[in-house]
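Please read the structure below before turning to the comments.
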Amino acid sequence: MTHIQPQLPYSLDALEPAISRQTLEFHYGKHEKAYIDNLNRLIKGTKYENADLTDIITHADGALFNNAAQAWNHIFYFASFAPDGQHEPSGNLKSAIVRDFDSVDNFKKKFVDAGANLFGSGWVWLSADNNGKLIITQGPNAQNPLRDNLTPLLTFDVWEHAYYLDYQNRRADALNKLWDIVDWKIIESRYH
Numbered sequence: 259m260t261h262i263q264p265q266l267p268y269s270l271d272a273l274e275p276a277i278s279r280q281t282l283e284f285h286y287g288k289h290e291k292a293y294i295d296n297l298n299r300l301i302k303g304t305k306y307e308n309a310d311l312t313d314i315i316t317h318a319d320g321a322l323f324n325n326a327a328q329a330w331n332h333i334f335y336f337a338s339f340a341p342d343g344q345h346e347p348s349g350n351l352k353s354a355i356v357r358d359f360d361s362v363d364n365f366k367k368k369f370v371d372a373g374a375n376l377f378g379s380g381w382v383w384l385s386a387d388n389n390g391k392l393i394i395t396q397g398p399n400a401q402n403p404l405r406d407n408l409t410p411l412l413t414f415d416v417w418e419h420a421y422y423l424d425y426q427n428r429r430a431d432a433l434n435k436l437w438d439i440v441d442w443k444i445i446e447s448r449y450h
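What follows is the structure in structure tokens.
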């Protein structure tokens with residue numbers, strides 16, 4: 259099986275000013291592509307040659323895990339945005355956010371704080387456990403909540419390549435700006 263980088267569901271300049279065209283050209287065009295290319299090279303001749311990304315993430319280690327998880331994380335991340343999407347949660351997901359974080363604003367603050375305070379590079383996640391409880395986690399490098407039997411709903415990339423061209427060292431500013439482009443309709447579709 260060859261893993262293929264999906265096309266973005268929007269143009270490279272559609273997310274400006276939250277994410278610039280230049281950042282997407284590097285982040286999507288080079289970083290995500292490199293993870294997928296490396297993954298395809300690494301799986302050749304292994305038991306993962308015909309495995310999907312989820313199986314590789316949950317079972318592999320080392321470079322194979324890192325490239326599979328980074329490919330999956332980036333695909334998931336870029337698919338969470340839309341220039342004209344639903345920019346506030348609603349329905350069951352909003353109710354769960356209020357239940358587990360007291361308010362949408364409080365959730366957003368806690369989520370950004372978790373991403374801004376992660377030492378080094380990695381990801382911040384909103385996930386659901388098997389009972390539908392919402393959990394914010396953070397993790398270094400290619401961390402992915404699938405390894406903890408959680409259902410990922412939303413992630414923000416806190417590797418410097420995700421924001422440095424637009425925000426330099428202002429990680430919290432970059433994360434806060436992403437709320438302008440999160441499409442909550444997509445996030446809600448991931449919550450069962």
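First residue of the sequence shown: 259, per the numbering used here; consecutive thereafter.
Each residue gets a CB set at the ideal place from its N, CA and C atoms; glycine is no exception.
Buried or exposed (CB count within 10 angstroms, at least 16 for buried), P403: The residue is buried, with at least 16 neighbouring Cβ atoms inside 10 Å.
Which first and last residues belong to the beta strand (DSSP E) in which Q280 is found? Counting along the chain, Q280 falls outside any beta strand (DSSP E), though it belongs to the alpha helix (DSSP H) covering 279–284.
For the beta strand (DSSP E) containing A386, name the first residue and the last one. 380–386 is the extent of the beta strand (DSSP E) around A386.
Hey, would you say L412 sits closer than 8 Å to I445, going by beta carbons? Cβ distance < 8 Å, so L412 and I445 count as in contact.
Supposed contact pair I301 and A329 - C-beta distance, whole angstroms, cut 8 Å: With a Cβ gap of about 11 Å, A329 and I301 do not count as contacting.
Could you give the residue range of the alpha helix (DSSP H) that holds D360? Where D360 is concerned, there is no enclosing alpha helix (DSSP H), given that its DSSP letter is neither H nor E.
Whole angstroms are fine: how far does the CA of T312 sit from the CA of A374? Straight-line Cα distance between these residues: approximately 27 Å.
Which term fits Q265, buried or exposed, when burial requires 16 or more other beta carbons within 10 angstroms of its beta carbon? With fewer than 16 Cβ atoms within 10 Å of its Cβ, Q265 is classed as exposed.
Between which two residues does the alpha helix (DSSP H) harbouring G320 extend? Unbroken alpha helix (DSSP H) run through G320: 320–336.
Boundaries (first-last residue) of the beta strand (DSSP E) holding L412: Segment 409–415, the beta strand (DSSP E) holding L412.
Do the CB positions of P410 and W383 come within less than 8 Å of each other? Yes, the pair counts as a contact, with Cβ atoms nearer than the cut-off.
Rounded to the nearest angstrom, what separates D342 and K443 at their Cα positions? Their Cα atoms are separated by approximately 11 Å.
Is it the case that the Cβ atoms of W417 and S379 are separated by a distance below 8 Å? Using a Cβ distance threshold of 8 Å, W417 and S379 count as a contacting pair.
Classify T260: buried if its beta carbon has 16 or more other beta carbons within 10 angstroms, exposed otherwise. That one is exposed.
I294 - containing alpha helix (DSSP H), residue span: In the DSSP annotation of this structure, the continuous segment of the alpha helix (DSSP H) that includes I294 starts and ends at 291–301.
Go ahead and pull the three-state DSSP assignment for G343. DSSP, reduced to helix, strand and coil, places G343 outside both helices and strands of the structure shown, so it counts as coil.
Assuming L351 and A326 are in contact, meaning their beta carbons sit under 8 Å apart, how far apart are those beta carbons, in whole angstroms? The C-beta separation of L351 from A326 comes to about 27 Å, leaving the pair out of contact by the 8 Å criterion.
Beta-carbon contacts of R429 that lie in its chain and below 6 Å, excluding the five residues immediately before and after: Contacts found: A374.
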